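There are 2 protein chains.
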Amino acid sequence: MKLKRRAMVLQGGGPTRVINASLAGIIKTSKSKNIQLFGSYHGIECILSQLQNSVFDLSNIPDSKIDEISKSPGAALGSTRKKPSKKECQRIVHSLIERKIDCLFYIGGNDTALSLSLMDSYAKSISAPIIFIHVPKTVDNDLIMNDHTPGYGSAAKYIASLIRGIDLDNSSLNGIYIAVTMGRSSGYLTAASSLARIPGLSNSGPHVICTPEMDFKEEKFLSQIERVYSNLGRAVVVVSEGISTMINGKQTELINSIQQKNGNGQTEIDNFGNVQLSGSGLLADYISNLIKNSLDISRVRADTLGYSQRCFLDVYSEVDFKEAYDVGKRAVDYFVIGGHSASLILIANRNGSYSCDFGFASLTDVAGKVKKLPKEFIFEDIYDIDDSFSYYATPLIGQPLLSVSNFLR
Amino acid sequence: MKLKRRAMVLQGGGPTRVINASLAGIIKTSKSKNIQLFGSYHGIECILSQLQNSVFDLSNIPDSKIDEISKSPGAALGSTRKKPSKKECQRIVHSLIERKIDCLFYIGGNDTALSLSLMDSYAKSISAPIIFIHVPKTVDNDLIMNDHTPGYGSAAKYIASLIRGIDLDNSSLNGIYIAVTMGRSSGYLTAASSLARIPGLSNSGPHVICTPEMDFKEEKFLSQIERVYSNLGRAVVVVSEGISTMINGKQTELINSIQQKNGNGQTEIDNFGNVQLSGSGLLADYISNLIKNSLDISRVRADTLGYSQRCFLDVYSEVDFKEAYDVGKRAVDYFVIGGHSASLILIANRNGSYSCDFGFASLTDVAGKVKKLPKEFIFEDIYDIDDSFSYYATPLIGQPLLSVSNFLR
Numbered sequence: 027m028k029l030k031r032r033a034m035v036l037q038g039g040g041p042t043r044v045i046n047a048s049l050a051g052i053i054k055t056s057k058s059k060n061i062q063l064f065g066s067y068h069g070i071e072c073i074l075s076q077l078q079n080s081v082f083d084l085s086n087i088p089d090s091k092i093d094e095i096s097k098s099p100g101a102a103l104g105s106t107r108k109k110p111s112k113k114e115c116q117r118i119v120h121s122l123i124e125r126k127i128d129c130l131f132y133i134g135g136n137d138t139a140l141s142l143s144l145m146d147s148y149a150k151s152i153s154a155p156i157i158f159i160h161v162p163k164t165v166d167n168d169l170i171m172n173d174h175t176p177g178y179g180s181a182a183k184y185i186a187s188l189i190r191g192i193d194l195d196n197s198s199l200n201g202i203y204i205a206v207t208m209g210r211s212s213g214y215l216t217a218a219s220s221l222a223r224i225p226g227l228s229n230s231g232p233h234v235i236c237t238p239e240m241d242f243k244e245e246k247f248l249s250q251i252e253r254v255y256s257n258l259g260r261a262v263v264v265v266s267e268g269i270s271t272m273i274n275g276k277q278t279e280l281i282n283s284i285q286q287k288n289g290n291g292q293t294e295i296d297n298f299g300n301v302q303l304s305g306s307g308l309l310a311d312y313i314s315n316l317i318k319n320s321l322d323i324s325r326v327r328a329d330t331l332g333y334s335q336r337c338f339l340d341v342y343s344e345v346d347f348k349e350a351y352d353v354g355k356r357a358v359d360y361f362v363i364g365g366h367s368a369s370l371i372l373i374a375n376r377n378g379s380y381s382c383d384f385g386f387a388s389l390t391d392v393a394g395k396v397k398k399l400p401k402e403f404i405f406e407d408i409y410d411i412d413d414s415f416s417y418y419a420t421p422l423i424g425q426p427l428l429s430v431s432n433f434l435r
Numbered sequence: 027m028k029l030k031r032r033a034m035v036l037q038g039g040g041p042t043r044v045i046n047a048s049l050a051g052i053i054k055t056s057k058s059k060n061i062q063l064f065g066s067y068h069g070i071e072c073i074l075s076q077l078q079n080s081v082f083d084l085s086n087i088p089d090s091k092i093d094e095i096s097k098s099p100g101a102a103l104g105s106t107r108k109k110p111s112k113k114e115c116q117r118i119v120h121s122l123i124e125r126k127i128d129c130l131f132y133i134g135g136n137d138t139a140l141s142l143s144l145m146d147s148y149a150k151s152i153s154a155p156i157i158f159i160h161v162p163k164t165v166d167n168d169l170i171m172n173d174h175t176p177g178y179g180s181a182a183k184y185i186a187s188l189i190r191g192i193d194l195d196n197s198s199l200n201g202i203y204i205a206v207t208m209g210r211s212s213g214y215l216t217a218a219s220s221l222a223r224i225p226g227l228s229n230s231g232p233h234v235i236c237t238p239e240m241d242f243k244e245e246k247f248l249s250q251i252e253r254v255y256s257n258l259g260r261a262v263v264v265v266s267e268g269i270s271t272m273i274n275g276k277q278t279e280l281i282n283s284i285q286q287k288n289g290n291g292q293t294e295i296d297n298f299g300n301v302q303l304s305g306s307g308l309l310a311d312y313i314s315n316l317i318k319n320s321l322d323i324s325r326v327r328a329d330t331l332g333y334s335q336r337c338f339l340d341v342y343s344e345v346d347f348k349e350a351y352d353v354g355k356r357a358v359d360y361f362v363i364g365g366h367s368a369s370l371i372l373i374a375n376r377n378g379s380y381s382c383d384f385g386f387a388s389l390t391d392v393a394g395k396v397k398k399l400p401k402e403f404i405f406e407d408i409y410d411i412d413d414s415f416s417y418y419a420t421p422l423i424g425q426p427l428l429s430v431s432n433f434l435r
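First to last, the sequence lines map onto chains L and Y.
Numbering-wise, the first sequence is residues 27 to 435 according to our numbering.
Numbering-wise, the second sequence is residues 27 to 435 according to our numbering.
So, in structure tokens, the structure goes:
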């Protein structure tokens with residue numbers, strides 16, 4: 027009798043709204059292909075710490091439980107930010123050999139692909155026949171080779187939906203509203219706010235959108251806000267947490283330049299002079315004060331949209347959910363037909379109706395690299411996103427946003 | 027032929043997710059009762075500024091448009107934070123007399139009730155037969171005489187839903203997560219986060235809840251977080267923007283004491299003498315740093331939940347929506363049967379299945395007063411909300427939250 031093949035699945039990096047759909051795709055497909063599937067907690071952390079019971083069999087989870095998990099935010103197996111050293115990658119490979127694992131599925135972003143490529147190259151060097159498959163996810167949508175990544179469509183929908191509501195709230199009481207979105211190095215999440223606009227309604231917001239790919243200049247930014255405000259008495263402004271500015275010929279994150287102005291050198295500090303960046307209101311408060319101090323506008327409000335962008339319970343794109351499930355399923359199919367170590371990639375077709383197919387790239391192609399928002403989506407003269415972005419992103423968010431109106435616009 | 031009765035409707039204060047359902051209730055019922063209904067922009071602002079076209083007929087809006095507006099966030103007529111002086115109230119009354127308005131419906135919170143009571147008392151003093159009806163709304167749920175207020179159920183649902191997703195995200199990567207909610211003087215919104223907990227799952231968050239009614243003591247707060255963290259390796263903490271602490275024998279908002287310590291915070295005082303809380307990350311950053319500096323925990327993240335609490339497109343309670351519509355309808359019915367100036371109040375019945383009825387209080391009973399979270403919902407020894415709160419609040423959020431699970435808890 028042929029031995030059952032054995033595989034393991036891990037989750038890494040920041041969770042997305044649909045990361046567990048990929049997990050469900052892997053669990054269910056493994057079951058149907060008679061693969062004994064194991065999981066471990068918090069990515070590579072528990073394997074490295076060699077805790078007891080850190081590896082467990084996922085083959086016999088009832089379908090109803092898998093379905094519930096597939097629709098739950100967060101990483102159901104736990105996640106990790108840990109980047110393993112070469113030595114740690116070697117230890118992981120030996121742990122997999124000991125456990126007779128034939129294939130490792132690791133759901134994650136470009137850091138995860140990097141970890142896998144290190145493990146793969148070590149395994150090859152000792153002729154260990156383990157296949158390493160990167161299953162892509164990231165709300166940032168910044169994996170190269172991919173049209174888009176699972177997790178992005180749902181986060182984009184959340185942001186667009188939130189900003190459409192905010193735009194109505196802002197038109198009720200006027201003034202300036204600023205939202206700071208996730209997306210440190212890539213502007214896709216920030217750009218998604220443009221989907222909040224109501225086609226044909228020229229005064230619907232957001233009115234100013236600034237991504238990390240644009241050169242943030244205070245004067246240009248303020249004069250655009252002032253223009254909108256003098257027309258409408260209000261403005262909705264969306265900026266990325268990673269907006270950057272040219273300092274001494276070098277594009278520098280604004281947050282760093284704020285810290286330098288505050289006199290604290292290289293360390294990341296917040297309102298209180300303490301080290302902090304993520305989950306902090308520093309940038310939002312800075313921009314809010316910039317507007318208050320420079321323009322004659324009294325009502326200025328800023329929100330940092332925060333972690334709900336990647337885990338909000340009630341909003342996900344059903345297109346994103348299906349693709350996230352499918353990418354998990356395809357990873358298992360690929361292993362079964364004898365594929366080599368690879369990163370799964372998403373290939374979209376927008377001629378006629380939208381469809382998505384899957385392909386494979388080498389791990390090193392995707393590892394550690396960042397995809398930026400292409401120039402075609404960005405304006406030169408103003409902080410805004412071109413309408414062509416909507417053609418790209420609308421299919422990814424699935425069902426359209428609720429249509430809304432009021433008596434004011 | 028009897029002259030058509032004429033009424034006007036305005037919206038005031040912070041919008042809610044369902045404030046336009048009340049407007050729709052007033053518009054549709056006025057139509058069916060043959061009342062000529064007018065609206066004006068931004069509460070009392072446009073009437074006072076005597077702009078042209080600031081008052082317009084709402085009698086002939088198509089039902090399909092009213093339905094779309096009823097489901098839209100924001101105040102469809104525009105809102106205002108303006109608190110009119112006695113003199114301005116007199117001017118408004120004279121403007122209503124000029125326009126032959128028999129009844130003013132003003133949708134708003136306790137400040138709106140106060141404005142109405144001033145107008146009513148002036149109108150009475152000059153024997154102007156105008157009826158002033160306060161139609162309640164507020165996400166804060168802080169109107170006295172009311173079991174709850176339209177707008178609260180939807181905001182409560184948004185917060186509970188958001189925190190249930192956050193709790194899974196937090197369990198994926200561990201560490202401390204802090205959410206700062208709206209609700210400056212009343213803890214109802216903060217308490218709503220307790221509805222995120224999964225019954226029977228003792229380690230589901232939030233694990234620490236602090237409302238303005240509790241005395242915030244750093245040591246007590248930190249030791250509770252440390253206890254949770256040492257058990258679970260993580261904690262989800264929810265605090266109100268208005269948490270307060272005892273300073274020199276006086277309960278003082280923590281944000282005030284931070285701003286005094288900090289020196290560089292820009293303090294904005296609103297029309298009602300309140301320090302601006304929402305739209306700033308100050309409190310969240312302060313608490314985040316307090317935890318980092320006092321406990322040996324590296325991953326601490328804080329979000330200020332922001333304006334989406336009152337205007338998020340995709341989440342509303344269908345119970346709240348219906349009650350908001352009904353309160354508008356009842357206001358018109360009450361005018362038609364010859365009621366006097368009054369504030370509509372919501373009376374709930376929780377014996378057996380939940381139901382809600384409506385009653386009337388005098389404007390001065392509701393005006394300017396604040397309902398606090400009752401002691402029965404609050405613990406003495408720890409920062410948490412009693413389970414009995416769930417009996418109170420669960421019917422208000424309508425359909426239950428999505429049920430979720432993972433492998434970690």
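For each residue, glycine too, the CB sits at the ideal point set by N, CA and C.
Remember, it's a predicted structure, so these values are computed and weren't measured experimentally.
Shown here, Y333(Y) sits in coil according to DSSP, grouped into three states, outside any helix or strand. Taking C-beta separations shorter than 6 Å and ignoring five residues to either side along the sequence, the partners of N196(L) in its chain run Y203, R260, V262, following chain order. DSSP places H120(L) inside the alpha helix (DSSP H), whose first and last residues are 112 to 124. It is roughly 14 Å from the alpha-carbon of K150(L) to the alpha-carbon of K112(L). The beta carbon of Y67(Y) sits closer than 8 Å to some beta carbon of chain L. When the Cα atoms are used, I189(Y) and I323(Y) turn out to be separated by approximately 21 Å. By alpha-carbon distance to I53(Y), the top candidate from M171(Y), T216(Y), I133(Y) is I133(Y). For Y132(L), the beta-bridge partners assigned by DSSP are L36(L), H160(L). Contact check for S211(L) and D168(L): beta-carbon distance about 7 Å, within the 8 Å limit, so the pair qualifies. The residue from D89(Y), P426(Y), M208(Y), L215(Y) with its alpha-carbon nearest to that of A47(Y) is D89(Y).
Collapsing the DSSP output to three states places S324(L) in coil. The beta carbon of V161(L) sits no closer than 8 Å to any beta carbon of chain Y.
Straight-line measurement puts the Cα of V430(L) at about 6 Å from the Cα of E94(Y). One alpha carbon belongs to S256(L), the other to K243(L), and they sit about 20 Å apart. In the three-state scheme derived from DSSP, where H, G and I count as helix and E and B as strand, F347(Y) is classed as helix.
Going by DSSP, F247(Y) is part of the alpha helix (DSSP H) stretching over 244 to 258. By the C-beta density criterion, N136(L) is buried, having at least 16 other C-beta atoms within 10 angstroms. The beta carbon of C337(Y) is closer than 7 Å to those of P41, R43, P99, G100 in its chain, skipping five residues each way along the sequence.
DSSP places V430(Y) in the coil class of the three-state scheme, outside both helix and strand. Beta-carbon to beta-carbon, L103(Y) and V165(Y) are separated by about 18 Å, too far to satisfy the 8 Å threshold. Within the segment 168 to 219 of chain Y, the beta strand (DSSP E) runs of at least 3 residues that lie entirely inside it are, in chain order, 201 to 207. In this structure, V341(Y) is the residue among A374(Y), V341(Y), G365(Y) with its C-alpha nearest to the C-alpha of A181(Y).
According to DSSP, K276(Y) shares a beta bridge with I273(Y). Under the three-state reduction of DSSP, F361(Y) is assigned to helix. Inclusion of A328(L) and A139(L) in the CB contact set at 8 Å is not warranted, their separation being larger than that value. For N375(L), the enclosing beta strand (DSSP E) has its first and last residue at 368 to 375. The Cβ neighbour count for E239(L), taken over all protein chains shown within 10 Å, is at least 16; the residue is labelled buried. Taking 9 Å as the cut-off between beta carbons, the residues of the segment 326 to 358 of chain L near chain Y are V326, R327, A328, D329, T330, L331, G332, Y333, S334, R336, C337, F338, L339, D340, V341, in sequence order. Among the residues facing chain Y, E94(L) is included, as its CB has a counterpart in that chain under 8 Å away.
Two segments are said to touch when three or more pairs of C-beta atoms, one from each, lie closer than 8 Å; by this definition the segment 68 to 86 of chain Y does not touch the segment 170 to 181 of chain L. For the 8 Å CB-CB criterion, S143(L) and L389(L) form a contact. A direct Cα-Cα distance of roughly 15 Å separates P232(Y) from T330(Y).
Within the segment 37 to 52 of chain Y, P41 place their CB atoms closer than 7 Å to a CB of chain L, listed in sequence order. Its chain contains T330 as the residues whose beta carbon lies nearer than 6 Å to that of G307(Y), once the 5 sequence neighbours on both sides are disregarded; these appear in chain order. Note that the C-beta distance between R107(Y) and Q62(Y) is not below 8 Å. For the pair K126(Y) and K91(Y), the Cα-to-Cα distance works out to about 27 Å.
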